[in-house]
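To start, the structure under review is shown below, and the notes come after it.
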Amino acid sequence: MKVIYRDKTWELRGGMTVRDAIRKVGVDPEAVLALRNGVLVNEETILEDDDELKLVAVVSGG
Amino acid sequence: MKCRLCGATAAINMRQHRLALCAGHLIEWVPRHVARTIEKYAMFTPEERVLLAVSGGKDSLALWDILLRLGYQVDGLHINLGIEQGYSAASQARVEKFVATRPGTRLYTVDLKGQYGASVPELVRRRRGRKPCSVCGLVKRHIMNQKACEGGYAAIVTGHNLDDEVAVLLQNALHWNVGYLARQAPVLPPSSAGLARKVKPLVRLREREVAAYALLRGIDYIYDECPHAQGATTLFYKDILNQLESRSRGTKEMFYLGFLRARSEMGLPGPELERAELHPCSRCGQPTTAPGLCAFCRLWTGEHVRESGEFDGEF
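Just so you know, the sequences run in chain order A and B. Just so we're aligned: 44 in the numbering used here is position 44 of the first sequence, and the numbers increase by one with no gaps anywhere. If you count the second sequence from 1, you need to add 1000 to reach the numbering used here.
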């Protein structure tokens, strides 16, 4: 599956949860929302090999 | 994981509330939560007109959508600050797009460079030594207060969420900024004529909940961070707080709500007790701590601007 965050992309194997995929690419699960194939999903969702997981940053500040 | 209300697949799990919700129930739950916050802190009533500061980001646009859905009388004010790399132009476009899809909504737009003569980056270049975020905050506070008072609005509404408030609280507590701690509250009452009340209806919602609401409602907000916010201290504190939250669920609520409760129970000064002596600015008439020009007006003149010269440290 493909994980996209900002301008970076990672290829990971399916079978893991959204939370594990987020951690695997070094992102804090508290700081993002996860869209699987364009749909907002919770962090326990199991991902498939052909999924695309887009991470949306939620932290703003300045 | 299932939605607690209907058993459908949950779109979000709010661990601190022990509540997982599907998309449909989340976009109903968020406005109800905000309505309870508005009532709990007596922020404003449906009969009052309020002015919302709208940046084009997720928080302010989501809040506008929520307040309209709840039936409040809310108008928007967007300030184009002239930030580089197309940031301000893109922000304004998001705000205008939001309004275009909601007939009857009223938006005031202030173009800082067009109406006052200089953008924030230009003001920063003129005022070497002053940070962009400091100038930006000063400009926004001044214009928001001016427009709210001129328009007879009952309050200025901002989209500060729980994560914003907790990050500021941590920063102020670490530095023991007693004055700022006294002024940090969901409602900041006017301490003087000419100062508008300020309220923060998202103060009990987390950033990810607000972002989820915005996404599910199809709100097109500015996703990119302001170029001046990169490396901002607030982001550093938010990162630390998220790490704490990962280890201990509910840390953010415990810290912020505990602070409000402790201040009340210990009789520490709060925003309602603050009574600084204020004077009308000799140029614009807005209240300021020192006689003469206020900090905003000094930005446009040759006078030295003190970092602490502005009365109000909020926004």
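For every residue, glycine included, the Cβ atom is placed at its ideal position computed from N, Cα and C.
Kindly say whether residue i, judged by its beta-carbon, lies nearer than 8 Å to any beta-carbon of chain A.
i	result
B/A1008	no
B/M1001	yes
B/G1057	yes
B/A1193	no
B/T1251	no
B/D1075	no
B/V1305	Caution applies to B/V1305, whose pLDDT of 47 falls short of 50 and renders its modelled position unreliable; the model cannot decide the point.
B/R1130	no
B/N1080	no
B/D1065	no
B/D1164	yes
B/N1242	yes
B/R1283	no
B/R1204	no
B/S1246	yes
B/H1017	no
B/K1140	no
B/E1028	no
B/L1216	yes
Against chain B, does residue i count as a neighbour if the rule is that its beta carbon must be under 8 Å from one of theirs?
i	result
A/L55	no
A/V27	no
A/G80	The requested residue 80 of chain A is not part of the displayed model; chain A covers only 1 to 62.
A/N37	no
A/A31	yes
A/V18	no
A/E48	no
A/V41	yes
A/V3	no
Indicate the three-state DSSP secondary structure (helix, strand or coil) for residue i in the structure shown.
i	result
B/T1158	coil
B/V1120	helix
A/V25	coil
B/V1110	strand
B/E1277	coil
A/R36	strand
B/K1131	coil
A/K8	strand
B/L1293	coil
B/A1185	coil
B/T1251	helix
B/L1244	helix
A/E52	strand
B/A1100	helix
B/T1233	helix
B/P1201	coil
B/I1083	coil
A/V41	strand
A/V58	coil
B/P1271	helix
To the nearest whole angstrom, what separates the beta carbons of residue i and residue j, a pair I think is in contact under 8 Å?
i	j	result
B/I1222	B/G1056	5 Å
B/G1076	B/L1107	5 Å
B/L1021	B/A1010	6 Å
B/A1196	B/R1049	Contact flag wrong, Cβ pair sits at about 12 Å.
B/R1249	B/R1102	Actually they are not in contact, since the Cβ atoms of B/R1249 and B/R1102 sit about 36 Å apart, beyond 8 Å.
A/R19	A/E48	About 16 Å separates the two Cβ atoms, so there is no contact after all.
B/V1095	B/V1054	5 Å
B/P1189	B/M1043	Not confirmed; about 11 Å, so no contact.
B/P1121	B/E1084	6 Å
B/V1187	B/V1178	19 Å between Cβ atoms; not a contact.
B/V1139	B/F1255	Wrong, their Cβ atoms sit about 30 Å apart, outside the cutoff.
Is residue i buried or exposed, if buried means 16 or more other CB atoms sit within 10 Å of its CB?
i	result
B/L1051	buried
B/E1150	exposed
B/I1240	exposed
B/C1226	buried
B/V1305	A caution first: B/V1305 carries a pLDDT of 47, below 50, which makes its placement in the model too unreliable to give a value.
B/W1064	buried
B/G1159	buried
A/M1	buried
A/K24	exposed
B/Q1230	exposed
B/Q1092	buried
B/K1002	exposed
A/L58	Per the sequence shown, the amino acid found at residue 58 of chain A is Val instead of Leu. Looking at its Cβ environment, which holds 16 or more other Cβ atoms inside 10 Å, A/V58 is buried.
Please list the partners that residue i has in chain E, where partner means a Cβ-to-Cβ separation under 8 Å.
i	result
B/I1012	Although the question refers to chain E, the structure presented lacks it and instead comprises the protein chains A and B.
In the segment 1205-1229 of chain B, which residue ranges form an unbroken alpha helix (DSSP H) of at least 4 residues, counting only runs that do not cross its ends?
1207-1216
Quick check on the DSSP output: what are the complete beta strand (DSSP E) runs of length 3 or more inside the segment 1002-1081 of chain B, in order along the chain?
1012-1014, 1019-1021, 1049-1053, 1073-1080
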